[in-house]
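Written out below as structure tokens is the structure these notes cover.
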Amino acid sequence: MKMELILQEKLHRLYEENSDIMMRLGNFLEPEFEGIIDAFYTELTEIPEIASILKNMFVQKNLKASLQKWMHDFFQPRISENMKSLIDLQKKIGALHAHNNVNMNYFTHGISIMKREIFSRISNKFVSANDFSRAFLLVGQQFDILVSIISEAYYSNEMIHETNELSLKMKGMTQNTAIECERLRSLLLDWMRNTLTFLYQTPEIELSKLPKLQYSSFGLWVIYKADLLSHTLNISAELKKYIQQIDEALFTAAKYRAENNQQKFFEGVTALNDVVSKGSWFISTIVDQAIEIDTGMDMLTRLFNRRYLDTILRRQTDISIKQKIPYSILMLDIDHFKKVNDIHGHDSGDAVLKQFSELLLLNVRASDFIFRYGGEEFLAVLGNTDGKGAYIVAEKIRRKCEEHIFQLPANKQISKTCSIGVAVYDGHPDYNRIVKFADMALYEAKEKGRNQVVVKNEIIAAP
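As structure tokens, then:
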């Protein structure tokens, strides 16, 4: 049986067999919830790393209310029909903590504070030692099971994040794939030149001292870096095959040279040159392969797709909280884009999307991130940018789009405008809020007539 089912059954039995104690605990502790939560906040805010999050007014308001409801539900007698809702809530809590990048150590510390506060309050309320023992063990077991369910959900979501973060790092590598591959080809060809010099000019060749490719700079690159170039291409395995073939060809040619068999030696050198040329050709194809399978990119615009949006926003939020650096989001929409497809065809629509993407890239910094959010919508993440700075960037993009002449197939041209919603990170650990605010601002910009910029959740004066 899966661990999740075991925990669920155990939790169900605890509630079913201890409904009388559970009812008494709930009735007594209900008026104490506020004091328990205050103790929870007081101690956790003494930890600098988490104090800035807990002191955020949105977090305080929502988290205190959520904690009070969680504790109320915790001490309610339950039957099979409503047990699932309790378990689903714990999964949601775990996923939310992972989503908000809350360190699990802080969470478990907070749980220990709540358990301590609960135990201290019930110690004098049960006259019977047996009832107190039952209450003490019951609360401890319930907390342990619910925290296990929360932790499982937390780490499952963390695994998804870590996978995407690793994949994103791979994208950073593949952006330099062309340079890295050219360097690799250069290492291979340098090895070949030096090896030919060795084969032709060494008076007496010792087969045990051949300059094998696997021990060269090329071979060491394959050992240490090939797996990082792209985790989906299986480049390392292919390059190791070429290394083996090349070293075998080298041994064959060297053996014939050591035996003074000139004809076979020349044939061996030719075979060695052929396999080195094949290896060089394979390296030149890596760039194209990497682009083809780069599923984190929108194939039309070559911008990031939404796969990495959570990873980027989580990282931006973490930096903002720790270093007190603002960031902003632009949500952009090409006005009346559907008409382009309807009137001029989808090829023309694709041309507009590609040119708009290029326009975006030309008008943001190298450190900013641009995503194709869906259809004709785009999203830009601007690091170290407050509301005023974001407005300036957005207005610049809006103006450039308005002035741009979009080139369509068959030598046609059209003009297009765009609407932009701007939102500024407000300190809340849930980065979905800033996306929501940007989306609301975009909707308002379109409602007001399009071809304009609207800023949400921070009041600024337009320059």
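Mapping of the sequence shown onto this note's numbering: residues 1 to 463, in sequence order. Positions of the beta carbon are idealized from the N, C-alpha and C atoms, including for glycine.
Looking only at C-alpha atoms, which of Val139, Arg185 and Lys388 sits nearest to Ser216? Arg185
From the DSSP secondary-structure annotation, give me the bridge partner or partners of Tyr327. Gly383
Residue(s) in a DSSP beta bridge with Asp24: Reading off the sequence shown, one finds Arg at residue 24, where the question assumed Asp. Arg24 is not bridged to any residue.
Bridge partner(s) assigned by DSSP for Met297: Per DSSP, Phe304.
Thr385: buried (16+ other C-beta within 10 angstroms of its C-beta) or exposed? buried
Pick from Lys338, Gly345 and Ile50: whose alpha carbon is nearest that of Gly427? Ile50
Identify the continuous beta strand (DSSP E) that holds Leu408 and give its terminal residues. Here the beta strand (DSSP E) through Leu408 covers Ile405 to Leu408.
I'd like the list of long-range same chain contacts for Lys10, defined as Cβ closer than 7 Å, with 5 residues on each side in sequence excluded. Ile145
Whose CA, out of Pro211, Phe75, Lys436 and Glu43, lies closest to the CA of Leu29? Phe75
Under 8 Å Cβ to Cβ from Glu34, same chain only, skipping five residues before and after it: list those, please. Gln68
In this structure, does DSSP put Val147 in helix, strand or coil? The answer is helix: DSSP assigns Val147 an H, G or I state.
Any idea what DSSP makes of Ser216, helix, strand or coil? coil
Boundaries (first-last residue) of the beta strand (DSSP E) holding Arg116: First-last for Arg116: Met104 to Ile122, but that is the alpha helix (DSSP H), not the beta strand (DSSP E).
Under the rule that 16 or more other beta-carbon atoms within 10 Å means buried, what is His99, buried or exposed? buried
Option in Thr417, Asn305, Ile283 and Gln142 with minimal Cα separation from Lys339: Thr417
Can Ile414 and Glu376 be called in contact, C-beta distance under 8 Å? no
Give the straight-line distance between the Cα atoms of His231 and Asn194, rounded to the nearest whole angstrom. With a pLDDT of 47 at His231, under the threshold of 50, the predicted position of this residue should be treated as unreliable, though the coordinate-derived value follows. Each residue's Cα considered, the two are about 31 Å apart.
Secondary structure at Asp368, three-state DSSP: helix, strand or coil? Of the three classes helix, strand and coil, the one that applies to Asp368 here is coil, per DSSP.
Alpha carbon to alpha carbon, what distance is there between Phe266 and Ala258? So the two alpha carbons sit approximately 13 Å from each other.
I need the straight-line Cα distance from Thr174 to Ala95, nearest angstrom please. A caution first: Thr174 carries a pLDDT of 46, below 50, which makes its placement in the model unreliable, though a value can still be read off. If you draw a straight line from the Cα of Thr174 to the Cα of Ala95, it comes to about 31 Å.
Check whether the region 363-383 and the region 309-325 are in contact - that is, three or more C-beta pairs closer than 8 Å. yes
Tell me whether Phe378 sits in a helix, a strand or coil according to DSSP, three-state version. strand
The region 274-285 / the region 393-405 touching (three or more Cβ pairs under 8 Å): Fewer than three beta-carbon pairs drawn from the region 274-285 and the region 393-405 are found closer than 8 Å, and the two stretches are therefore not classed as touching.
Assuming Ile37 contacts Leu138 (C-beta within less than 8 Å), just tell me the rounded distance between them. Not quite, the Cβ-Cβ distance comes to about 21 Å (not below 8 Å), so this is no contact.
Strictly by DSSP, which residues pair up with Ile420? Leu332 and Val453
What are the residues that DSSP puts in a beta bridge with Gln413? Its beta-bridge partners are Gln407.
Which same chain residues end up closer than 8 Å to Val275 when comparing Cβ atoms and leaving out the 5 residues on each side of it in sequence? Tyr242, Gln245, Ile246 and Ala249
Quick one: give me the first and last residue of the alpha helix (DSSP H) that His344 is part of. Phe337 to His344
Return the first residue and the last residue of the alpha helix (DSSP H) that Pro48 is part of. For Pro48, the enclosing alpha helix (DSSP H) stretches over residues Pro48 to Leu54.
Taking the Cβ atom as the reference point for each residue, do Ile87 and Ile149 lie within a distance shorter than 8 Å? yes
Integer Cβ distance of Ala253 from Leu207, believed to fall under 8 Å: Rounded, the Cβ-Cβ distance is 11 Å, inconsistent with contact.
By alpha-carbon positions, which one of Asp439, Phe371, Ile118 and Ile370 ends up nearest to Phe40? Ile118
Count the other C-beta atoms from every protein chain shown that fall within 10 angstroms of the C-beta of Gly172, then say buried if there are 16 or more, exposed otherwise. Because the pLDDT of Gly172 is 49, which lies under 50, any placement of that residue in the model is unreliable, and the question is left without a value.
At what residues does the alpha helix (DSSP H) containing Thr477 begin and finish? Here the chain comprises residues numbered 1 to 463, so residue 477 is not present and cannot be evaluated.
Please determine, among Glu444, Met299, Ile122 and Leu332, the residue with the shortest C-alpha to C-alpha distance to Pro31. Ile122
Tell me which same chain residues have a C-beta within less than 6 Å of the C-beta of Met297, skipping the five on either side of it? none
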